[in-house]
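Sequential numbering of the sequence shown, starting at 607, is according to the working numbering. Each residue gets a CB set at the ideal place from its N, CA and C atoms; glycine is no exception. Worksheet: the structure to be examined is printed underneath.
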Amino acid sequence: MAAGDYQSFGRTNPPARQAIDVAEATELLTSGSARAASLLAYGNGRSYGDSCQNSGGAVVDMRSHDRILSFNVETGVIEAEAGVLLADIIAAGAPHGFFPAVVPGTQFVTLGGAVANDVHGKNHHRRGSFGCHVERLTLLRSDGLTYACSPLENARLFWATIGGMGLTGIILSAAIRLMRVPSLDIAETVKPFGSLEEYFDLAEAADRDNEYAVAWIDQLAGGRSAGRGLLLAGNHAADGARATAQGAARLSVPFQPPLTLLNRPFLRLFNAAYGWRRGRAATSTASYRKFFFPLDRVAGWNRLYGPNGLFQHQSAVPVEAARETMSALLAATRQAGQGSFLTVLKRFGAQRSPALMSFARPGYTLTLDFPNHGQRTLRLLAELDRITVEAGGAVNPYKDARMSAATFAASFPDWQRLETMRDPAFMSDFWARTAGRLGSRNGRAAQAAE
């Protein structure tokens, strides 16, 4: 029995009731003793919702399965066990001039988690999602076999596992191709904009000229200032650090506050201060930690949302609907009287993931974080879902803790393709609550190999 806190990062759901280690899970799977829907791999708990929870069975703690197995310093291909953190991969590649082609908003996600969630970053317009850079992986399934998977071997299982939310089996290891960079540091340009219309006018040029681009939005601003924010763009600096800095987070939230500290008065002050501090067009050099992972510098920052946790809502809508839809989403949050501490707008490029199921798609994506205020927050999130799907968009399942089965089906109409590849021994609370209500089966697994 593994020990630890097996909660989702959003903290809106109870922690897992049972956790086992990789050795115990391997014994169950290779002996044919694993019950239906009884297992789910658990990485470092950075998923906001219940895609990393299995209340009807056990989660498998992958964090001790954390060795780097090989690294070709000529090609940049690194192979590691699934429990290795992205931070460790960055540290291994940096001295040789390599960096992951895609990084999400935290370096504390595991390799297996990055694959299973097909994560995206600030450079989707150039590099696509994480799965576009996976060379191969090994997968343990309930038939007791370990499958070597790649685009050329067990290809259907390979593409089902990338973005497959851990439902095809236990990812034991993966090899990814890093990209060559001149340094870890980022030559960053900050450009303020006064409205969403102004942002959209700037976004394509920013993507054309920069490896990375993301916008911070002052979500509380209304009237003529609605949609104002900062466009942050950058490229790896020609002269900069080639090694990762050591050390823990600078700040921490060591205890759980009795209520959320991120209320509207605080958010107004924060937005005003942040906008004032960075609100003039400027170019500077930022460390990779500051540019990619600013919240990693505050350990336990999710506790600031209070004892009821937080919901993150991320939507993606097609280019042709983006201007109207993003404006409607922001207006709905203001009208509901709820503030989002972190409001981020990005442009997804044309490169689609070859995974069976993946969130990132051509268009624009908006991310909002809300303290959990119960039914009024759930009503707002349902309204954001409605606006998104009516625009032909999708809600991110990898970060979700409450979307309806209907919203999931509208977002991913081909979800059955993943269900046919799901290993019957594996289940998550997310899949049970969405696909389960849509008619997923608990029967035998589909044939894995082609």
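Residues near residue 747 by beta carbon distance below 6 Å, same chain, minus five either side: 775, 1029
Sequence-distant residues of its chain with Cβ nearer than 6 Å to residue 836 (five each side left out): 796, 798, 822, 884
Can you tell me whether residue 1008 is buried or exposed, with buried defined as 16 or more other CB within 10 angstroms of its CB? buried
Can the beta-carbon of residue 617 be found less than 7 Å from the beta-carbon of residue 712? no
Once you ignore the five residues that flank residue 889 on each side, which residues in its own chain have a CB closer than 6 Å to its CB? 795
State the Cα-Cα distance for the pair residue 996 and residue 818, rounded to the nearest angstrom. 29 Å
What does the Cβ neighbour count give for residue 803, buried or exposed, with the cut at 16 atoms within 10 Å? exposed
Can you tell me which of 672, 808, 630, 625 puts its alpha carbon nearest to the alpha carbon of residue 583? The chain is shown from 607 up to 1056; residue 583 falls before or after that span and cannot be answered.
Cβ atoms of residue 999 and residue 923: under 7 Å apart, would you say? yes
Taking 8 Å as the threshold, find out whether the region 768-788 comes into contact with the region 808-815 through three or more Cβ pairs. no
Classify residue 685 as helix, strand or coil using the three-state DSSP reduction. strand
Spatial distance of residue 829 from residue 983 (CA atoms): 23 Å
Determine, using beta carbons only, whether residue 735 and residue 1017 come nearer to each other than 7 Å. no
Please name the residue, chosen from 1003, 726, 1015, 1025, that lies closest to residue 957 on a Cα-to-Cα basis. 726
Any chance the region 661-671 sits against the region 626-645, with 3 or more Cβ pairs inside 8 Å? yes
Among 901, 955, 990, nearest to residue 932 - alpha-carbon criterion: 990
The alpha helix (DSSP H) with residue 1022 in it runs from where to where? 1021-1027
Residue 1010: which of 698, 630, 908, 992 sits nearest, CA to CA? 992
Considering only residues of the region 879-928, which uninterrupted beta strand (DSSP E) runs meet the minimum length of 3 residues and lie entirely inside it, listed in chain order? 888-892, 916-923
Would you decide whether residue 921 is buried or exposed? Buried here means 16 or more other CB atoms lie within 10 Å of its CB. buried
Cβ pair residue 739, residue 693 closer than 7 Å: no
Of the residues 790, 1004, 782, which one's Cα is nearest the Cα of residue 894? 790
Look up residue 842 in the DSSP assignment and say whether it is helix, strand or coil. strand
To the nearest angstrom, how far is the alpha carbon of residue 1033 from that of residue 979? 28 Å
Do you know offhand how far residue 759's Cα is from residue 1024's? 18 Å
Go through its chain and collect everything with a Cβ distance to residue 820's Cβ below 7 Å, but skip five positions before and after it. 728, 838, 950, 952
What did DSSP end up calling residue 1014 once you bin it into helix, strand or coil? helix
Candidates 690, 686, 771: closest to residue 722 by CA position: 771
In the DSSP assignment, find the unbroken beta strand (DSSP E) run with residue 795 in it and report its ends. 792-799
Counting only the same chain and skipping the five closest in sequence on each side, list residues whose C-beta sits under 8 Å from that of residue 756. 741, 742, 743, 764
In angstroms with no decimal places, state the Cα-to-Cα distance between residue 716 and residue 657. 15 Å
Give me whichever residues DSSP pairs with residue 779 in a beta bridge. 687, 744
Got a sec? Which residues, its chain only, sit under 7 Å from residue 987 by beta carbon, not counting five neighbours each side? 917, 919, 1008
Output the distance between the C-alpha atoms of residue 613 and residue 825, rounded to the nearest integer angstrom. 28 Å
Specify the secondary structure class of residue 694 as computed by DSSP and reduced to three states. helix
Considering only the beta carbon of each residue, do residue 848 and residue 968 sit closer than 7 Å? no
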